[in-house]
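Okay, structure first, notes after.
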Amino acid sequence: MDAGDRERLLHGTHHAPHSVLGAHPVPGGVAFRAFRPYARAVTVVSGGMTVGLHDDGDGFFSGLLPLREVPAYRLRVAYEGAEVETEDAYRFLPTLGELDLHLIGEGRHEELWTVLGAHPTAHQGVSGTRFSVWAPNALGVRVAGSFNFWDGTGSPMRSLGSSGVWELFVPGIGEGELYKFEITRPDGSKTLRADPMARRTEVPPATSSIVTSSRYEWGDAQWLERRAEVPAHRAPLSVYEVHLPSWRPGLTYRQLAEQLPAYVKDLGFTHVELMPVAEHPFGGSWGYQVTGFYAPTARLGTPDDFRYLVDALHRAGIGVIMDWVPAHFPRDEWALAEFDGRPLYEHSDPLRAAHPDWGTLEFDFGRREVRNFLVANALYWCEEFHIDGLRVDAVASMLYLDYSREPGQWTPNEHGGRENLDAVAFLQEMNATVYRRVPGVVTIAEESTAWDGVTRATHHRGPSGFGGLGFGLKWNMGWMHDSLEYMSHEPVHRRYHHGEMTFSMVYAYSENYVLPISHDEVVHGKRSLVSKMPGDWWRQRADLRAYLGFMWAHPGKQLLFMGQEFAQGAEWSEAHGPDWWLLDPHYGAEADHRGVRDLVRDLNTVYRASPALWQYDTEPAGFRWVTGDAADDNVLAFLRYDADGSPLLAVSHFAPVVRHDYRIGVPDDVPAWHEALNTDAARYGGSDVTNPDAVKPEPQGWHGLPASIRLTLPPLATVWLRPA
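Heads up, the sequence shown is in this note's numbering, so the first residue is 272 and it goes up one at a time.
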């Protein structure tokens, strides 16, 4: 063996080990070379022939056999106290084809997870696992794992040209093997890294990747066929947000599948939203600092166990939205940060790479391969795990170069602006690709600014000159902040803040909105939803019920975080989850909490049965103010309409008094109205001030409408009325 080849193999810097190792025709026959550190002897076995190779030292063995062509052969390797017969990893052709490498180089491989990572397979008639990893700056890459006692010396990978991909087929190993990639950096130092494309990982704090494949047989074909029939913005969509590890602490994916679908179905929510499921090292990040973008967290089970949970939800008629975090990643030295010794997944400019808020690194959205890694990841969750929606976290931090940065800490784009053009292009590509490939999936942006066109189609340009970002829905952070601010005031002061409850309608149709009461609003000293309300316990619950009634009637989809559906008084903690004991029949105030949960169930039930509340959610024709200026009375009233013009009247009264014969304007084509829902009903824990009989309009015009009705308005309550 050439001395240079020998040196590079020993030091893990050889880019083409297959050109040296294995069997090669040479003048005089076929040269066999093996690199087996710690072996005492290596023998070539071919048919009835066994030939011992010469020990060249340092784990190298070689021999020249007088053969005309390379035969089928195996290696018999003798170690101290053991002897194994195995295939030679260096006799195999590459497992990636030219088309795969071309698409990777173009940043257009939409099924990237099928070619990179570790895949048990049969190659050239031999069972084993093919490993591949993108590491363009590496001097060399080796596979280390449980199968070679975590010594990658004898398992160097080959570089597949300019693609930056390294590849090795290791015969005889399969599912369950632990592995990492040992990368020799440009400065010659070495780093041991988890596989960025690993589809299964060890349970944290352990960090190894695990060879895996799926054998799951899905039972949700009917759900998948049906979900694309109506676009999300024209369908009922009410979401129960869940942190899986703490919803019922200690339960696995499969155990959750026995409880979560039944609970959510009973409450009538159409979807669950799972806080990030992808693997993450620190549980206290709630999953928002991801290291394993392609692996469901192993804390709760295997990838197939997670498939089982999604399948169970689908079979219960519940859609699954998943939090997805492409904005940033943590700096753990075994994960993505400076993966191959130089900035790779992160931006090469340190000012662009460092996320100012979370001590993490931002992806380089301008790099083709990085964009491909993330776009394929979005598709992976939708296609491999049948996820119905992706709620994209921290979109605002991606869109603006100056996000949380002071002057001098950021550089304008090529047009002199603050927009991150690379991130815009990435989000447009991701959305367009997901909607093209996966019918019925919805993408949702957590975007907190007034960016123009978050939910506009990518090919439609807006006033800013940008095409839309292409999301299906956007979180309405403005509505959430304004309405919670209003509710936090004592009723006597609310008249001065009335505009905080009406301002959302000024921009309600600028995007397709979700109204989010999420985990972010009930942690870090912000108090739980019921605890934000002023006054004594009765008034707090009444305010909460009235607020939920207002929220469910307001244009936009609804999202409610776990624990808030039964008026939990304490903030959420990922350590112990919701306070389920509040619903114990032996607890004195159990009825108070059960009443709020019963209301949430009824809100969802009436909501789903009332197309007026969702069919025209994103069109002005679906809404009309009745009174938006009754500030002195703390009253808000509006009409919602379905596609046929059938109305629902919602009246919210945020004062702790009863108002008798309160006149409300109505259309003159409805003969009578009846209460469809009243948040003050006794069964919810209210004072039971209701309008039990059908209410008939009077010909007296009011609030700009041709007729009017007189209602009894309960204290701190929302009332919904429908045509009788």
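Yeah, the Cβ is synthetic: ideal placement off N, Cα and C, and Gly gets one too. All values reported here derive from a predicted model rather than from experimental measurement.
Rounded separation between residue i and residue j - CA only
| i | j | result |
| --- | --- | --- |
| Trp421 | Leu281 | 16 Å |
| Leu632 | Ala465 | 17 Å |
| Ala813 | Asp869 | 14 Å |
| Ser999 | His289 | Shown here, the chain extends from 272 to 995; a query on residue 999 therefore has no answer. |
| Val990 | Ile658 | 35 Å |
| Asp723 | Val695 | 12 Å |
| Asp964 | Leu992 | 11 Å |
| Tyr955 | Arg662 | 32 Å |
| Leu324 | Pro442 | 21 Å |
| Lys803 | Met758 | 8 Å |
| Ala953 | Glu861 | 14 Å |
| Asp575 | Val436 | 28 Å |
| Glu381 | Leu431 | 19 Å |
| Arg429 | Ala287 | 5 Å |
Buried/exposed call for residue i, threshold 16 Cβ in 10 Å
| i | result |
| --- | --- |
| Ala409 | buried |
| Met320 | exposed |
| Glu500 | exposed |
| Glu685 | exposed |
| Ala490 | The sequence as given places Gly at residue 490; Ala does not occur at that position. So Gly490 ends up on the exposed side. |
| Thr720 | exposed |
| Ser479 | buried |
| Glu358 | buried |
| Gln835 | buried |
| Ala716 | buried |
| Asp329 | exposed |
Anticipated Cβ contact below 8 Å, residue i with residue j, distance rounded
| i | j | result |
| --- | --- | --- |
| Gly660 | Ile592 | 4 Å |
| Leu335 | Gly300 | 5 Å |
| Asn949 | Ala926 | Not really, about 16 Å apart at Cβ, beyond 8 Å. |
| Leu607 | Pro467 | 6 Å |
| Val255 | Met822 | With the chain covering only 272 through 995, there is no way to say anything about residue 255. |
| Ala349 | Ala310 | 7 Å |
| His857 | Pro805 | Incorrect: roughly 30 Å between the Cβ atoms, too far for contact. |
| Leu884 | Leu830 | Contact flag wrong, Cβ pair sits at about 15 Å. |
| Arg623 | Glu700 | Incorrect: roughly 19 Å between the Cβ atoms, too far for contact. |
| Val596 | Pro547 | 6 Å |
| Pro391 | His847 | With 8 Å as the limit, Pro391 and His847 do not qualify as a contact, their Cβ atoms being about 39 Å apart. |
Own chain, CB closer than 6 Å to residue i, minus 5 neighbours either side, in chain order
| i | result |
| --- | --- |
| Arg639 | Gly378 |
| Arg279 | His285 |
| Arg879 | Pro507 |
| Phe402 | Ala389, Val414 and Leu439 |
| His626 | His599 and Glu633 |
| Leu672 | Trp681, Arg689 and Asn691 |
| Val966 | Trp944 and Ile980 |
| Ala947 | Val877, Trp991 and Arg993 |
| Trp494 | His585 |
| Ser434 | Leu372, Ile375 and Gly376 |
For residue i, the first and last residue of its enclosing alpha helix (DSSP H)
| i | result |
| --- | --- |
| Arg267 | Any question about residue 267 goes unanswered here, given that the chain covers just 272 to 995. |
| Leu270 | This structure does not reach residue 270, given that the chain is present from 272 up to 995, and the question cannot be answered. |
| Glu369 | Glu369 to Glu377 |
| Pro467 | Per DSSP, Pro467 belongs to no alpha helix (DSSP H) and is neither H nor E. |
| Asn875 | Glu861 to Arg879 |
| Pro391 | Run containing Pro391: none in the alpha helix (DSSP H); it sits in the beta strand (DSSP E), Gly388 to His394. |
| Asp850 | Here Asp850 belongs to no alpha helix (DSSP H), and DSSP marks it neither H nor E. |
| Lys536 | Tyr524 to Leu538 |
| Glu512 | Taken as a continuous stretch (DSSP letters only), Glu512 belongs to no alpha helix (DSSP H), being part of the beta strand (DSSP E) at Ser509 to Val513. |
Enclosing beta strand (DSSP E) for residue i [first to last residue]
| i | result |
| --- | --- |
| Leu830 | Lys828 to Phe832 |
| Thr631 | It is not in any beta strand (DSSP E) - Thr631 carries neither H nor E in the DSSP assignment. |
| Pro787 | Tyr784 to Ile788 |
| Arg911 | Val906 to Tyr912 |
| Asp326 | His325 to Gly328 |
| Arg347 | Arg345 to Tyr350 |
| Met593 | Gly590 to Trp595 |
| Phe331 | Phe331 to Leu336 |
| Thr455 | Leu449 to Thr455 |
Close beta carbons around residue i, own chain, < 7 Å, minus the five adjacent residues each side
| i | result |
| --- | --- |
| Pro891 | Tyr780 |
| Ala667 | Tyr674, Glu718, Ser719 and Thr720 |
| His730 | Gly738 |
| Asp603 | Pro552 and Thr562 |
Cβ neighbours of residue i in the same chain (closer than 8 Å, five flanking residues each side left out)
| i | result |
| --- | --- |
| Gly796 | Glu842 |
| Thr983 | Val929, Arg930, His931, Asp932, Tyr933, Val960, Thr961 and Asn962 |
| Arg362 | Gly293, Ala294, Val341 and Tyr344 |
| Pro734 | Asp723 |
| Glu845 | His514, Pro516, Ser517, Gly554, Gly555 and Trp557 |
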